[in-house]
Amino acid sequence: MKKSELIRNKPSIKLMQERYEYWGNVPYPGLIMDNKPAITQVDIEKVGDYLIYLVRDPLAAYGKDPAERVAERLTAAECIGNSGMFLSYTGTYKGAKITCVSGGSGCPEVELAINDFMEYTDCSTFLRVGTSGGVAEKVKVGDCVITTGVYREDGTSRAYVADGFPAYCHYEVVNAMVQAAEQYHFPYKLGVTACMDSDFVGNGRPSVGGYLQPENIQKLGTYNRAGVLNTDRESSIIMTMCNLFERRGGAIFNVTDNLISGHKFEAGAGTEVSIELALEGIAILHQMDKQKEAVGKENWFPGLDNI
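Heads up, the sequence shown is in my numbering, so the first residue is 19 and it goes up one at a time.
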């Protein structure tokens, strides 16, 4: 039984369905076009165990669609879906079956893609890879941030669950990414990412004509004092949905500027490293998963392969 069906049959969820007067009008399991999920148009049988979500972001200087750029590094990569809104490729990297998906920015758009992949497939791991702005002095332009948890300031994740619900990154994903960064000597920092909908005033950055409100000018200082490393616009909904729906979530960011330290914007700074780190980290995570399977354990821990 798919993970989404297990959730659908959970007694507390079924209670909500019974109380929802329009439940009978909701298409099951969702919107379909040409026998495929309508939003992503993916061939669900070809989705990998590990998914990378990338934004079509000019600040990253990808040079082409980011899904295509990652797919170039995969073995036997093929396009498994193109809805116009989202482009998806699947291939393998060091034995790990990976699907890379490109789309628009912000939590509302990411939710559309993640919902399709979680509803229709048992993809186990969702990794956000892309650009961010640094808000800690120690974070340099070109560094990678391996996120351990997300400070939720977006509206989309709040529609799912109250603010107190943690948007943590799964420890196995974090462990694998740190191992990869150390093994290949990638420059990285480990810590909390803040995620919001507004990339300007809501992120403590002036908008048109330098527009700011009093509450906006406090943002960067608040993040900095709290030890937040960087900011983005997608990670919150990914981690929240992963934690709600029993998947593993994680995030790897390259830093392209830092208003706190004054490091100026550099288009594409760290983009190549963040992609390499994500792929090598997934390869390590795949080996961890094989170790768990070999000994019949649900969770990975150091020394597992010696059992």
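C-beta: ideal position from N, C-alpha, C; glycine also. All of these numbers come straight from a predicted model, not from anything done at the bench.
Does the segment 154 to 166 come close enough to the segment 196 to 215 that 3 or more CB-CB pairs lie under 8 Å? yes
Measure how close the beta-carbons of residue 149 and residue 77 come, nearest whole angstrom, since I'm counting them as under 8 Å. As a position in the sequence shown, residue 149 is number 131, starting the count at 1. As a position in the sequence shown, residue 77 is number 59, starting the count at 1. Indeed, because the Cβ distance is near 5 Å, the residues count as touching under 8 Å.
Would the segment 47 to 57 count as touching the segment 258 to 266 if we require 3 or more Cβ pairs under 8 Å? no
Compare the beta carbon distance of residue 252 and residue 123 with 8 Å and say whether it is the shorter of the two. Residue mapping note: residue 252 aligns to position 234 of the sequence shown, counting from 1. Residue mapping note: residue 123 aligns to position 105 of the sequence shown, counting from 1. Taking 8 Å as the Cβ cut-off, residue 252 and residue 123 qualify as a contacting pair.
Straight-line Cα distance separating residue 290 from residue 363: This structure cannot settle anything about residue 363, because the visible part of the chain is limited to 19 through 325.
Taking the continuous beta strand (DSSP E) assigned at residue 145, which residues delimit it? Translated into the one-based positions of the sequence shown, residue 145 becomes position 127. Unbroken beta strand (DSSP E) run through residue 145: 143 to 152.
According to DSSP, simplified to helix, strand and coil, what is residue 203? By one-based count along the sequence shown, residue 203 stands at place 185. The answer is coil: DSSP assigns residue 203 none of H, G, I, E or B.
Beta-carbon within less than 6 Å of residue 134's beta-carbon, same chain only, minus the 5 sequence neighbours each way: which residues are those? Taking the sequence shown and counting its residues from 1, the one referred to as residue 134 is at position 116. Closer than 6 Å at Cβ, skipping near neighbours: 55, 57, 58.
Could you check where the beta strand (DSSP E) with residue 114 kicks off and where it finishes? For this step, residue 114 is matched to residue 96 along the sequence shown. It spans 114 to 121 - the beta strand (DSSP E) in which residue 114 sits, taken as one unbroken run.
Excluding the five sequence neighbours on either side, which residues of its own chain have a C-beta within less than 6 Å of the C-beta of residue 47, listed in chain order? For the purposes of this step, residue 47 is identified with residue 29 of the sequence shown, where counting begins at 1. Cβ neighbours of residue 47 beyond the five flanking positions: 137.
Which one of 247, 323, 310 has the shortest CA to CA distance from residue 156? As a working mapping, residue 156 is identified with position 138 in the sequence shown. Ranking 247, 323, 310 by Cα distance to residue 156 puts 247 first.
Closer than 7 Å by C-beta to residue 325: which residues in its own chain qualify, once you throw out the five before and the five after it? Chain order, please. Counting from one through the sequence shown, the residue named residue 325 turns up at place 307. Around residue 325: 313.
Pick out the complete beta strand (DSSP E) segments inside the segment 216 to 268, 3 residues or longer, and give them in chain order. 248 to 250
Ordered along the chain, which non-local residues of its own chain (more than five positions away) have a Cβ less than 7 Å from that of residue 126? Along the sequence shown, one-based indexing puts residue 126 at 108. Same-chain partners within the cutoff: 174.
Identity of the residue in 321, 20, 275 nearest residue 142 by Cα: Looking up residue 142 in the sequence shown gives position 124. Out of 321, 20, 275, 20 has the C-alpha closest to the C-alpha of residue 142.
According to DSSP, which residues form a beta bridge with residue 292? Along the sequence shown, one-based indexing puts residue 292 at 274. Paired residue(s): none; residue 292 is not in a bridge.
Quick one: Cα of residue 87 to Cα of residue 112, how far? In the sequence shown, counting from the first residue as 1, residue 87 sits at position 69. In the sequence shown, counting from the first residue as 1, residue 112 sits at position 94. Looking at the two C-alpha atoms, the distance is approximately 17 Å.
Comparing C-alpha positions only, which one of 317, 185, 79 sits nearest to residue 172? Locating residue 172 in the sequence shown gives position 154, where the first residue counts as 1. Cα-wise, what sits closest to residue 172 is 185.
Whether or not the segment 265 to 275 and the segment 186 to 200 are in contact is what I'm after, with contact meaning three or more pairs of Cβ atoms, one per stretch, closer than 8 Å; do they touch? yes
In whole angstroms, what separates the C-alpha of residue 202 from that of residue 294? Counting from 1 along the sequence shown, the entry for residue 202 is found at position 184. Counting from 1 along the sequence shown, the entry for residue 294 is found at position 276. For residue 202 and residue 294, the distance between alpha carbons rounds to 9 Å.
Who are the Cβ neighbours of residue 25 in its own chain at under 8 Å, not counting the five residues just before and after it? As a first step, residue 25 is located in the sequence shown; it is residue number 7 there, counting from the start. Excluding positions up to five away in sequence, the list reads 31, 263, 264.
Given a cut-off of 8 Å on the beta-carbon distance, is the pair residue 300 and residue 98 in contact? Numbered from its first residue, the sequence shown carries residue 300 at position 282. Numbered from its first residue, the sequence shown carries residue 98 at position 80. No, the pair does not count as a contact, with Cβ atoms beyond the cut-off.
For the segment 65 to 119, list the beta strand (DSSP E) runs that are entirely contained and at least 3 residues long, ordered along the chain. 68 to 73, 93 to 100, 105 to 111
Rank 100, 306, 222 by C-alpha distance to the C-alpha of residue 62 and give the top, closest one. Residue mapping note: residue 62 aligns to position 44 of the sequence shown, counting from 1. The candidate whose alpha carbon is nearest that of residue 62 is 100.
Between the Cα of residue 275 and the Cα atoms of 308, 68, 151, which residue gives the shortest distance? Mapped onto the sequence shown, residue 275 falls at position 257. Here the closest residue by C-alpha is 151.
Please say whether residue 288 and residue 161 have beta carbons closer to each other than 8 Å? Taking the sequence shown and counting its residues from 1, the one referred to as residue 161 is at position 143. Taking the sequence shown and counting its residues from 1, the one referred to as residue 288 is at position 270. Yes; because the gap between Cβ atoms is below 8 Å, this pair is in contact.
Between the beta-carbon of residue 230 and the beta-carbon of residue 278, is there less than 8 Å? As a first step, residue 230 must be located in the sequence shown, where it is residue number 212. As a first step, residue 278 must be located in the sequence shown, where it is residue number 260. No, the pair does not count as a contact, with Cβ atoms beyond the cut-off.
Extent of the continuous beta strand (DSSP E) run through residue 127: Here residue 127 is taken as the residue at index 109 of the sequence shown, counted from 1. First-last for residue 127: 125 to 138, but that is the alpha helix (DSSP H), not the beta strand (DSSP E).
Excluding sequence positions up to five away, which residues of its chain have a Cβ less than 6 Å from the Cβ of residue 322? The sequence position of residue 322 within the sequence shown is 304, counting from 1. Excluding positions up to five away in sequence, the list reads 309.
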